[in-house]
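Chemist: Residues in the sequence shown are numbered consecutively from 1, following UniProt numbering. Before I ask anything, here is the structure I am working with.
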Amino acid sequence: MFSDARAELHEFVAKRFPDGLLDDDRDIFESGFVNSLFAMELVMFIEQNLGDRIPNDELMLDNFRTVDVMTELVGRLSARNGRSTEVA
C-alpha cells in the first residue's frame, strides 16, 4: 500500500493543475493553484485513502506543500501506527 502513496498523492494533486504537470517537489501553495480549502481536501484524501488519521500536531501547511513532503507524512503516520513505512 505505501509503495503507491506517492503515486496516489501525485495523481490527486496533479488534477488541480491546469496542465496536469506536477513535479513531486513543487510547492503547490506557492504556485497559486491551490488554497486552504484544498489543504483540507488533502487532509481528507490522506485520511480516507491512505488509512491514517492526521493528528493535530501534524496539521501544518508545511506538511502539505509538496507531494514529497506529503509522502513523508504518510510514512510518519504509518510508523506511529506500527505499519510498514515503505514509501516510493
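Think of the CB as a built atom: it goes at the ideal place given N, C-alpha and C, for glycine as much as any other residue. Keep in mind the model is a prediction, meaning the values are calculated, not measured.
#1: For the ligand HEM, I want to know if Pro55 counts as a neighbour, meaning its beta carbon is within less than 6 Å of at least one of the ligand's heavy atoms.
#2: So, at 7 Å on beta carbons, what are the nonlocal neighbours of Ile54 in its own chain, with the 5 sequence-adjacent residues on each side left out?
#3: Would you identify the three-state DSSP class for Ile46, choosing helix, strand or coil?
#4: To the nearest angstrom, how far is it from the Cα of Leu59 to the Cα of Phe17?
#5: Return the chain-ordered list of same chain residues with a C-beta closer than 7 Å to the C-beta of Asn49, the five sequence neighbours on each side being excluded.
#6: Classify Asn81 as buried or exposed, calling it buried when 16 or more other Cβ atoms lie within 10 Å of its own Cβ.
#7: Distance, Cα to Cα, His10 vs Met70?
#8: Would you kindly report the start and end of the unbroken alpha helix (DSSP H) that includes Phe12?
Modeler: The relevant details are as follows:
#1: No copy of the ligand HEM appears in this structure; indeed no ligand is present at all.
#2: What you label residue 54 is simply residue 54 of the sequence shown in a count that begins at 1. Cβ neighbours of Ile54 beyond the five flanking positions: Val43, Ile46, Glu47 and Leu77.
#3: For the purposes of this step, residue 46 is identified with residue 46 of the sequence shown, where counting begins at 1. Of the three classes helix, strand and coil, the one that applies to Ile46 here is helix, per DSSP.
#4: Residue 59 sits at position 59 when you count from the first residue of the sequence shown. Residue 17 sits at position 17 when you count from the first residue of the sequence shown. Rounded to the nearest angstrom, the two C-alpha atoms are 23 Å apart.
#5: Here residue 49 corresponds to residue number 49 of the sequence shown, with the count starting at 1. Contacts found: Glu8.
#6: Taking the sequence shown and counting its residues from 1, the one referred to as residue 81 is at position 81. Classification for Asn81: exposed.
#7: For the purposes of this step, residue 10 is taken as residue 10 along the sequence shown, with counting starting at 1. For the purposes of this step, residue 70 is taken as residue 70 along the sequence shown, with counting starting at 1. The alpha-carbon atoms of His10 and Met70 are separated by roughly 10 Å.
#8: For the purposes of this step, residue 12 is taken as residue 12 along the sequence shown, with counting starting at 1. Ala5 to Ala14 is the span of the alpha helix (DSSP H), which, as asked, contains Phe12.
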